[in-house]
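What follows is a short report on a single structure.
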Amino acid sequence: MPSSASAPHRSTSSSFSTSVLTAPFGLAPAFAGRAPAGLTSTVPREYVHRAAVSEVLLTGWEAAPTGPAGHPESFVVRAQWPRGHSLFSQADGYQDPMLLIESVRQIGSLLSHAEFGVAFGHQFLMWDMSFATTPDLLVAGPAPTELELRTVCSEVVRRGKNLASMRYDVTALVDGVALATAGAAFSCTSPAVHRRLRGDRPTAVARAAGRPIDPALVGRTDAGHVVLTPDTNAGADDHSWLLHVDTSHPIFFDHPVDHVPGMMLLEAARQAAHASTGMPDALVISLDSTFARYAELDAPCRIQAMPGLPDAVGDTLVQVCGFQEDRAVFAADLVLRPRTR
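Right under this line is the structure:
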């Protein structure tokens, strides 16, 4: 079990000869010559519950030198968003806003393990996630986006010495400018408690019946990343679909789990917002979601959207809910804004 603040993943001075980083190796001028004071890598994948190293967005963290009054558990987390990603892909000069929510998700598990002493193997149950951003954060540049994610942990609940639940709020900065806020709350359980709660739920199911809807309707180019299929019981004017669960998807199901991952549910909400408004190219500039229970892999999940009317600047609120067996699984309010580039 990683101890509290046992091994912060901070940049350290390079011990390599500067001759390794010289122009003959074809490096760009910014990287040629003297070695940088610190070298960048991702945090250990185990800290963020990813099997694939390529899916790790966080590159380091440290205790904040001065946190807000009354919040001593404050941290500076660093992240890098890739310019190219098979799921969180760029479009028309903008980064995918879901990179922000995935970064926030990873922060929760990172700090839980590395700073709050949660043992590997514990299960995390997310209760809510949100973000609000500006298009400026999402503009894609000529290099990967480097972010500073100032994180304040609160409502920390322990059972004995073990972390039981926590809330954290994040301010995202690029080049020192705050461009987004986000937050989440979760609880965590031991493997034994999880087994009692979940039993022997399946971690893989047969590929969902039916074909995904047209990728162009939801701002996608690859049908493999579309998570909605037509709802044959929906009326002509209903904005309703079924969740298309493919447990072989390499990102949503980066490793076996016994439920539909929260990130897949949020992607379903995003796609339902695009499809229901006829705005497949719009940016999601805010999202506010709550999760009521596990979404099971082996039961149909209906995704319903209620789009509002655009406001004076063109922002459109879309309310999305997911249901299984007539019980609410999650709800999300998303705001779409037309692209200006």
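Residue numbers (the numbering used here): 13 to 353. For each residue, glycine too, the CB sits at the ideal point set by N, CA and C.
Quiz item: Are there three or more Cβ pairs, one per stretch, closer than 8 Å when the segment 191-204 is compared with the segment 140-158?
Solution: yes
Quiz item: Hey, leucine 70 and valine 89 are a contact pair by Cβ (cut 8 Å); roughly how many whole angstroms apart?
Solution: 6 Å
Quiz item: Going by other Cβ atoms of all chains shown within 10 Å of its Cβ, with 16 needed for buried, is glycine 72 buried or exposed?
Solution: buried
Exercise. Name the residue from Gly334, Ile263, Gly222 whose alpha carbon lies nearest to the alpha carbon of methionine 318.
Key: Gly334
Practice problem: Leaving out five residues on either side along the sequence, give the residues of the same chain with a beta carbon under 7 Å from the beta carbon of serine 16. | Solution: Note on serine 16: pLDDT 38, under 50, position unreliable in the model; the coordinate value appears next. Contacts found: Glu127, Phe128, Gly129.
Quiz item: For the candidate residues Asp226, Gln102, Glu74, whose alpha-carbon lies nearest to that of histidine 286?
Solution: Asp226
Quiz item: Is glycine 326 closer than 8 Å to proline 350 when the C-beta atoms are compared?
Solution: yes
Quiz item: Are the CB atoms of glutamine 283 and alanine 311 nearer to each other than 8 Å?
Solution: no
Quiz item: Candidates Phe100, Leu309, Glu160: which alpha carbon is nearest threonine 259's?
Solution: Leu309
Self-check item: C-alpha gap between methionine 276 and threonine 233, whole angstroms
Solution: 17 Å
Quiz item: When you compare only the Cα positions, how much space is there between tyrosine 180 and threonine 352?
Solution: 32 Å
Quiz item: Distance, Cα to Cα, cysteine 200 vs alanine 228?
Solution: 38 Å
Practice problem: State yes or no: is the C-beta of valine 68 within less than 8 Å of the C-beta of threonine 52? | Solution: no
Quiz item: Are the Cβ atoms of serine 115 and leucine 150 separated by less than 8 Å?
Solution: no
Exercise. Under 8 Å Cβ to Cβ from proline 214, same chain only, skipping five residues before and after it: list those, please.
Key: Asp270, Leu309, Asp310
Self-check item: First through last residue of the alpha helix (DSSP H) which encompasses threonine 289
Solution: 274-289
Exercise. Go ahead and pull the three-state DSSP assignment for glutamine 118.
Key: helix
Quiz prompt | Inter-residue Cα distance where the pair is aspartate 212 and aspartate 293 | solution = 41 Å
Quiz item: Taking the C-alpha atoms as reference points, what is the distance between phenylalanine 342 and alanine 304?
Solution: 6 Å
Quiz item: For leucine 111, does the three-state DSSP call read helix, strand or coil?
Solution: helix
Quiz prompt | Where valine 169 falls, given that 16 or more other Cβ within 10 Å makes a residue buried | solution = exposed
Exercise. Provide the residue(s) that pair with glutamate 74 in DSSP beta bridges, ordered along the chain.
Key: Val88
Quiz item: Roughly how many whole angstroms lie between the Cα atoms of serine 202 and alanine 63?
Solution: 20 Å
Practice problem: With DSSP as the reference, please indicate the residues paired to valine 296 in a beta bridge. | Solution: Leu348
Quiz item: What is the DSSP secondary structure of valine 341, counted as helix, strand or coil?
Solution: strand
Quiz prompt | Contacts around aspartate 345, its chain only, beta-carbon distance under 6 Å, and the 5 residues preceding and following it disregarded | solution = Asp300, Gln331
Quiz prompt | Euclidean distance between Cα positions of threonine 78 and tryptophan 253 | solution = 47 Å
Quiz item: Where DSSP assigns a beta bridge to valine 186, which residues make up the other side?
Solution: Val189
Self-check item: Under 8 Å between C-beta atoms of alanine 184 and alanine 192
Solution: yes
Quiz item: DSSP puts tyrosine 106 in a beta bridge; with which residues?
Solution: Ala103, Val151
Quiz item: Using CA coordinates, which residue listed in Pro322, Asp338, Leu295, Asp148 is at the minimum distance from glutamine 316?
Solution: Asp338
Quiz item: The alpha helix (DSSP H) spanning leucine 209 covers which residue range?
Solution: 203-210
Quiz item: Based on Cα-Cα distance, which residue from Pro268, Pro242, Val230 lies nearest to alanine 221?
Solution: Pro242
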